[in-house]
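*Asks:*
Residue numbers (the numbering used here): 56 to 154.
1) Grouping DSSP H, G and I as helix and E and B as strand, with all else coil, what is residue 95?
2) Please say whether residue 69 and residue 113 have beta carbons closer to each other than 9 angstroms?
3) Any contact of the region 100-114 with the region 83-92, i.e. 3+ C-beta pairs under 8 angstroms?
4) Does DSSP put residue 113 in a helix, a strand or coil?
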(Lines of atoms letter the chains of each structure in order from A; the text may use other names.)
(Lines give C-alpha, C1' and ligand atoms only; values in the text may rest on other atoms or scores of the structure.)
Protein backbone atom coordinates (compact mmCIF):
# COMPACT_ATOMS: atom_id res chain seq x y z
CA UNK A 56 0.00 0.00 0.00
CA UNK A 57 1.19 3.46 -0.83
CA UNK A 58 1.65 6.02 1.93
CA UNK A 59 -0.79 8.68 0.70
CA UNK A 60 -3.72 6.26 0.25
CA UNK A 61 -3.04 4.91 3.75
CA UNK A 62 -3.05 8.45 5.14
CA UNK A 63 -6.29 9.17 3.28
CA UNK A 64 -7.88 6.11 4.88
CA UNK A 65 -6.60 7.12 8.32
CA UNK A 66 -7.99 10.63 7.86
CA UNK A 67 -11.32 9.12 6.80
CA UNK A 68 -11.40 7.10 10.01
CA UNK A 69 -10.45 10.19 12.03
CA UNK A 70 -13.49 11.96 10.56
CA UNK A 71 -15.77 9.33 12.14
CA UNK A 72 -17.63 10.13 15.36
CA UNK A 73 -15.51 7.69 17.40
CA UNK A 74 -12.34 6.83 15.49
CA UNK A 75 -11.07 4.61 18.31
CA UNK A 76 -13.73 2.06 17.29
CA UNK A 77 -11.55 1.42 14.25
CA UNK A 78 -8.34 0.89 16.20
CA UNK A 79 -7.42 -2.39 14.50
CA UNK A 80 -7.79 -0.76 11.07
CA UNK A 81 -5.68 2.21 12.16
CA UNK A 82 -2.93 -0.07 13.45
CA UNK A 83 -3.00 -2.11 10.25
CA UNK A 84 -2.72 1.04 8.14
CA UNK A 85 0.19 2.26 10.25
CA UNK A 86 1.98 -1.06 9.73
CA UNK A 87 1.42 -0.84 5.99
CA UNK A 88 2.75 2.72 5.95
CA UNK A 89 5.96 1.66 7.66
CA UNK A 90 6.50 -1.07 5.06
CA UNK A 91 5.72 1.26 2.15
CA UNK A 92 7.96 4.06 3.41
CA UNK A 93 11.19 2.28 2.49
CA UNK A 94 10.07 1.93 -1.13
CA UNK A 95 8.55 5.39 -1.43
CA UNK A 96 11.49 7.46 -2.65
CA UNK A 97 10.60 10.24 -0.22
CA UNK A 98 13.26 12.46 1.34
CA UNK A 99 15.06 11.01 4.36
CA UNK A 100 13.57 13.68 6.62
CA UNK A 101 10.03 12.60 5.73
CA UNK A 102 10.95 8.92 6.02
CA UNK A 103 12.24 9.60 9.55
CA UNK A 104 9.02 11.47 10.33
CA UNK A 105 6.94 8.52 9.11
CA UNK A 106 9.05 6.04 11.08
CA UNK A 107 8.75 8.07 14.29
CA UNK A 108 5.00 8.48 13.71
CA UNK A 109 4.33 4.79 13.13
CA UNK A 110 6.62 3.75 15.98
CA UNK A 111 4.95 6.11 18.46
CA UNK A 112 1.36 5.37 17.52
CA UNK A 113 1.59 1.58 17.33
CA UNK A 114 2.38 1.42 21.05
CA UNK A 115 -0.52 -0.19 22.86
CA UNK A 116 -2.99 2.43 24.08
CA UNK A 117 -1.29 5.41 22.42
CA UNK A 118 -4.05 6.25 19.94
CA UNK A 119 -6.86 5.81 22.44
CA UNK A 120 -5.10 8.00 25.01
CA UNK A 121 -4.45 10.94 22.68
CA UNK A 122 -6.51 10.74 19.50
CA UNK A 123 -6.19 14.52 18.94
CA UNK A 124 -2.39 14.40 18.81
CA UNK A 125 -2.57 11.36 16.54
CA UNK A 126 -4.81 13.33 14.18
CA UNK A 127 -2.49 16.36 14.27
CA UNK A 128 0.54 14.23 13.41
CA UNK A 129 -1.37 12.45 10.65
CA UNK A 130 -2.26 15.75 8.99
CA UNK A 131 1.31 17.06 9.46
CA UNK A 132 2.76 14.05 7.66
CA UNK A 133 0.21 14.36 4.87
CA UNK A 134 1.13 18.04 4.46
CA UNK A 135 4.88 17.24 4.47
CA UNK A 136 4.43 14.65 1.73
CA UNK A 137 2.29 17.03 -0.33
CA UNK A 138 4.90 19.76 0.05
CA UNK A 139 7.65 17.33 -0.98
CA UNK A 140 5.65 16.38 -4.07
CA UNK A 141 5.24 20.06 -4.98
CA UNK A 142 9.00 20.60 -4.59
CA UNK A 143 9.67 17.60 -6.84
CA UNK A 144 7.31 18.99 -9.49
CA UNK A 145 9.06 22.37 -9.31
CA UNK A 146 12.42 20.62 -9.76
CA UNK A 147 11.07 18.77 -12.81
CA UNK A 148 9.81 22.05 -14.28
CA UNK A 149 13.25 23.60 -13.75
CA UNK A 150 14.88 20.63 -15.51
CA UNK A 151 12.48 21.01 -18.44
CA UNK A 152 13.46 24.68 -18.73
CA UNK A 153 17.10 23.65 -19.17
CA UNK A 154 16.38 22.11 -22.57
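Backbone N, C-alpha and C fix where the C-beta goes; we use that ideal spot for every residue, glycine too.
Since the structure is predicted, the reported quantities are computational estimates derived from the model, not experimental observations.
*Replies:* Let me lay it out:
1) Looking at residue 95 - three-state DSSP - the assignment turns out to be coil, as it is neither helix nor strand.
2) Residue 69 sits away from residue 113, with the two beta carbons spaced by 9 angstroms or more.
3) Judged by Cβ distances under 8 angstroms, the region 100-114 makes contact with the region 83-92, as three or more pairs qualify.
4) Coil, per DSSP.
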